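Quick notes on the structure that follows.
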Amino acid sequence: MKILVPLKRVADPDNANKIKIPAGGATIDTTGLEWKPNPFDEYALEAALRLTENGATPKTRGGEVIVVTFGPKECETTLRAALATGADRAIRVDAKDDELDGSIVAKALRAIVDKEKPDAVVMGKQAVDGDSNQIGQMLAQHLGWPQATFAATIEEEDGALLVGREVDGGVITLRVKLPALVTVDLRIVAPTSVYSKQTKRDFKYNDGVRFAALPAIMAAKKKPLAELKLAELVSDTALKVQYSRFEAPPSRKAGIKVKDVAELVTRLKNEAKVI
Amino acid sequence: MRFALSDEQVQAAASLRGLLARDFPATALRARWDGAPDDGALWSSLCEMGLPSMLVPEAHGGLGGDELDLVSLLEECGRAAVPGPIVETCWVAPRSLSAARLGALAAGSLRVACGDGEAPLVADAGEADVLLLCRGDEAFALDRARVELSARQPSVDGARALFEVRWDPRDGEAICSADELRARMASGLAAVLLGLSRRMLDMTSEYVQVRRQFGVPVGSFQAVKHPLATALVRLSVARPVLLRAAYSLARRDPARARHASMAKALAAESALLSARVALQAHGAIGYSFEHDLHLFMKRAWALSAAFGGPLEHRAKIAAHLFDPPPTENP
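Residue numbers (our numbering), protein chains in the order written: chain A, 1 to 275; chain B, 1001 to 1330.
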């Protein structure tokens, strides 16, 4: 199976206090931020690797995983990390961060899918910076492919994927015919969440994503990494989403203790105005 | 000239940190204190990550890297207080053993312990296949079967196994000068100590932000935050010195022994200061066995003294500077 995995770099959520908004709020000052792969995209890569191997012999590849990202040259660090983890090749679409929005990225990904012809696109359900949660759904619409979003489990069948989605009150299982698009949620990296056809159903992976070994990190330097121009993929590069202003969330006030339930209800009603 | 580690070296360290956080949390270290046997899984993971093969030449099945590729991985092992002869096997042995043994070393099937000839005890000798031991001015390699080990001896660090070793140099193979072996061990232990130092500071920084007194986190008091800042400065000063030592070893700089002493002296001082500040900032809970701090503090105490404490290494540096060896031009 050939799988395309879009990756996005995001500001390290553990250092969110470093995010600065200059006066006027027209933009975000990214100076000094540390970048990390979007966690949900890392989970998508792990799912794609599991789908293209026999879990018992992971060094023997049973398919191809292509990772793609959008951004400046520095984003290649994210791609090299993905290659070290096990992806087979990478594509960077050269673009500035402020030239991109969900619509443009979805259209550009469609052009890449048309060229690469993967059997599936597996991607994170959302990026943890914008939390938009829309590119997967838009891309499936552009491609006319079946989609299964927020996947917690994936099982490969002949010509299809069996996808489990956690919903209120239980799990819905969908069968999507390939080619298909799947967006993944947190639990996709649990030990028994993803099985390729080659992996026996009693096999258990380590919990979480895999870690790149030093030999793989060195070998990743030799794996192919192609560069494409955004204008080659999308004719209309006008932003559909424009940010008018940024502001930091108000700092939270300290909580108070109330004497009894009656006072709590009064305060919720008159001060918080939530009931 | 580039003074920073490469992206690949940084990524490898981050990767190992993630693996150790998952596979060897403090609960696993605590279990070793309580006598849990080593099932070999952690060593297998470290082999897969490439630690024992890093310094072994490619012709012998290794990765052909150098000390700068490995040094930050040893720091990560220190941060997790990984028990066992990691420095000895991964950092010292590839540059000390004969070519015939390097294949097994790269494959992870050979483990090595080191004794400096001055301290009576050798750490982890019980699980070593080969021992590198100093006598006089020379260092010798001996198979485990050629030495006699005592029963395990007590250590301040409950996860560190110490043994008395009886041996005869005639049963071994002369490999290098004793000073060379000691310098390599000292520099490798310096990396581990800086990892421990970082771990204790991280634990303490986290603790003083949640432990409250007088309605505010105790970390907001100058009496708490200033010593922590001082300890961080000491750590930050020691790290470039460690990288310098790794660079010197990789290029067989004539002054590498002095650079190794500088690294060990500063790293040990950093770890000892971090341990003292961490203990103070944690208050009474820091003294208890119930809290994880002591697991890292006691490793730091043990390794600070191993293969020369800070004073001994400062004396060596002075000797090198005031009376340099003929091969070194400081």
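Cβ atoms here follow ideal geometry from the backbone N, Cα and C, with glycine treated the same way.
As the structure is a prediction and not an experimental result, all values here were calculated from the model.
With 16 other Cβ atoms within 10 Å as the buried cut-off, status of residue i
{"i": "Glu1075/B", "result": "buried"}
{"i": "Lys59/A", "result": "exposed"}
{"i": "Pro1120/B", "result": "exposed"}
{"i": "Ser1006/B", "result": "exposed"}
{"i": "Ile217/A", "result": "buried"}
{"i": "Val265/A", "result": "exposed"}
{"i": "Asn1329/B", "result": "The pLDDT assigned to Asn1329/B is 48, lower than 50, so where the model puts this residue is not dependable; a value taken from the coordinates is nonetheless given after this. That one is exposed."}
{"i": "Arg1234/B", "result": "buried"}
{"i": "Ile1086/B", "result": "buried"}
{"i": "Asn270/A", "result": "exposed"}
{"i": "Asn38/A", "result": "buried"}
{"i": "Gly170/A", "result": "exposed"}
{"i": "Asp236/A", "result": "exposed"}
{"i": "Asp185/A", "result": "buried"}
{"i": "His1226/B", "result": "exposed"}
{"i": "Thr1230/B", "result": "exposed"}
{"i": "Lys240/A", "result": "exposed"}
{"i": "Ile188/A", "result": "buried"}
{"i": "Ala108/A", "result": "buried"}
{"i": "Glu1290/B", "result": "exposed"}
{"i": "Phe70/A", "result": "buried"}
{"i": "Thr27/A", "result": "exposed"}
{"i": "Pro22/A", "result": "exposed"}
{"i": "Pro1052/B", "result": "buried"}
{"i": "Leu276/A", "result": "Lying before the first or after the last residue shown, residue 276/A is absent from chain A, which here runs from 1 to 275."}
{"i": "Phe1296/B", "result": "buried"}
Residue of the options minimising C-alpha distance to residue i
{"i": "Ala127/A", "options": "Asp12/A, Asp29/A, Ala111/A, Gly169/A", "result": "Asp12/A"}
{"i": "Gly208/A", "options": "Ala44/A, Pro22/A, Val176/A", "result": "Ala44/A"}
{"i": "Asp1168/B", "options": "Ser1177/B, Phe1140/B, Asp1157/B", "result": "Phe1140/B"}
{"i": "Gln1213/B", "options": "Pro1052/B, Gly1283/B, Phe1289/B, Leu1070/B", "result": "Gly1283/B"}
{"i": "Glu232/A", "options": "Lys2/A, Val105/A, Asn38/A", "result": "Val105/A"}
{"i": "Ala1036/B", "options": "Ala1081/B, Ala1268/B, Gly1158/B, Ser1109/B", "result": "Gly1158/B"}
{"i": "Asp131/A", "options": "Asp41/A, Val261/A, Asn270/A, His142/A", "result": "Asp41/A"}
{"i": "Ala1113/B", "options": "Ala1107/B, Ala1100/B, Pro1094/B", "result": "Pro1094/B"}
{"i": "Ala180/A", "options": "Glu53/A, Glu156/A, Ala219/A, Lys253/A", "result": "Glu156/A"}
{"i": "Glu1008/B", "options": "Lys125/A, Ile188/A, Glu76/A", "result": "Glu76/A"}
{"i": "Pro1325/B", "options": "Gly1172/B, Arg1017/B, Thr1089/B, Arg1258/B", "result": "Arg1258/B"}
{"i": "Ala1028/B", "options": "Gly1103/B, Leu1042/B, Ala1267/B, Gly1117/B", "result": "Leu1042/B"}
{"i": "Gly102/A", "options": "Gly55/A, Ala81/A, Gly136/A, Val121/A", "result": "Gly136/A"}
{"i": "Val68/A", "options": "Lys240/A, Glu166/A, Asp88/A, Trp35/A", "result": "Asp88/A"}
{"i": "Ile1317/B", "options": "Pro1154/B, Ala1281/B, Ser1288/B, Arg1256/B", "result": "Arg1256/B"}
{"i": "Asp168/A", "options": "Phe150/A, Asp158/A, Leu162/A, Leu161/A", "result": "Phe150/A"}
{"i": "Val5/A", "options": "Asp98/A, Glu34/A, Glu53/A, Ala120/A", "result": "Ala120/A"}
{"i": "Arg1252/B", "options": "Leu1068/B, Gly1050/B, Arg1017/B, Ala1319/B", "result": "Leu1068/B"}
{"i": "Pro49/A", "options": "Ala16/A, Thr31/A, Tyr205/A", "result": "Checking the sequence, you will find Leu at residue 49/A rather than Pro. Selected option, being the one with the closest Cα: Tyr205/A."}
Cβ distance (whole Å) where residue i is taken to contact residue j below 8 Å
{"i": "Gly1078/B", "j": "Leu1193/B", "result": "6 Å"}
{"i": "Arg1144/B", "j": "Val1165/B", "result": "In fact, because the Cβ distance is near 10 Å, the residues do not count as touching under 8 Å."}
{"i": "Pro146/A", "j": "Lys2/A", "result": "About 17 Å; that fails the 8 Å criterion."}
{"i": "Met1054/B", "j": "Leu214/A", "result": "7 Å"}
{"i": "Gln198/A", "j": "Gly62/A", "result": "5 Å"}
{"i": "Gly1188/B", "j": "Trp1091/B", "result": "4 Å"}
{"i": "Leu79/A", "j": "Leu174/A", "result": "30 Å between Cβ atoms; not a contact."}
{"i": "Lys20/A", "j": "Asp14/A", "result": "The pair is not a contact, with the Cβ atoms about 16 Å apart (cut-off 8 Å)."}
{"i": "Ala1267/B", "j": "Ala1190/B", "result": "4 Å"}
{"i": "Ser1045/B", "j": "Asp1023/B", "result": "6 Å"}
{"i": "Pro1254/B", "j": "Thr1327/B", "result": "5 Å"}
{"i": "Val1156/B", "j": "Trp1301/B", "result": "6 Å"}
{"i": "Arg1152/B", "j": "Gly1117/B", "result": "Incorrect: roughly 21 Å between the Cβ atoms, too far for contact."}
Proximity test, residue i beta-carbon vs the ligand MN heavy atom, cut-off 7 Å
{"i": "Leu174/A", "result": "Among the ligands in the structure shown, none appear at all, so the ligand MN cannot be discussed."}
Short CB-CB distance (under 8 Å) between residue i and chain E
{"i": "Pro118/A", "result": "The chain inventory of the structure shown lacks chain E, comprising the protein chains A and B."}
Quiz item: If you measure beta-carbon to beta-carbon, which residues of the region 78-92 of chain A are closer than 8 Å to chain B?
Solution: Arg80, Ala81, Ala84
Practice problem: Any chance you could list the alpha helix (DSSP H) runs of at least 4 consecutive residues sitting entirely within the region 1241-1270 of chain B, in chain order? | Solution: none
Quiz item: Which ranges would you report for the beta strand (DSSP E) in the region 1141-1176 of chain B if only whole runs of at least 3 residues count?
Solution: 1162-1166
Quiz item: What residue ranges within the region 1101-1141 of chain B form continuous beta strand (DSSP E) runs of no fewer than 3 residues, ordered along the chain?
Solution: 1112-1115, 1121-1123, 1130-1135
Practice problem: Ignoring anything shorter than 4 residues or poking outside the region 1042-1078 of chain B, list the alpha helix (DSSP H) runs there in chain order. | Solution: none
Self-check item: Where the region 215-237 of chain A meets chain B: residues whose CB sits under 9 Å from a CB there
Solution: Pro215, Ala216, Ile217, Met218, Ala220, Lys221
Exercise. Mind listing, in chain order, the continuous beta strand (DSSP E) runs of no fewer than 3 residues lying wholly within the region 214-250 of chain A?
Key: 225-229
Quiz item: Can you list, in chain order, the residues of the region 1055-1077 of chain B whose Cβ is nearer than 8 Å to any Cβ on chain A?
Solution: Leu1063, Gly1065, Asp1069, Leu1073
Self-check item: Residues from the region 185-209 of chain A in contact with chain B, defined by Cβ distance under 9 Å
Solution: Asn206, Asp207, Gly208, Val209
Practice problem: Could you run through the region 1134-1156 of chain B and flag, in chain order, every residue whose CB is less than 7 Å away from some CB of chain A? | Solution: none
Exercise. Could you name the residues of the region 1020-1031 of chain B whose beta carbon sits closer than 9 Å to any beta carbon of chain A, in the order they occur along the chain?
Key: Arg1022, Asp1023
Practice problem: Just list the beta strand (DSSP E) runs in the region 118-155 of chain A, keeping only unbroken ones of 3 residues or longer that don't cross its boundaries, in chain order. | Solution: 120-124
Practice problem: For the region 1037-1056 of chain B, enumerate the residues whose C-beta is nearer than 7 Å to any C-beta of chain A, in chain order. | Solution: Glu1048, Met1049, Gly1050, Met1054
Practice problem: Could you name each continuous beta strand (DSSP E) segment of 3 residues or more that falls completely within the region 71-109 of chain A, going from the start of the chain to the end? | Solution: 89-94
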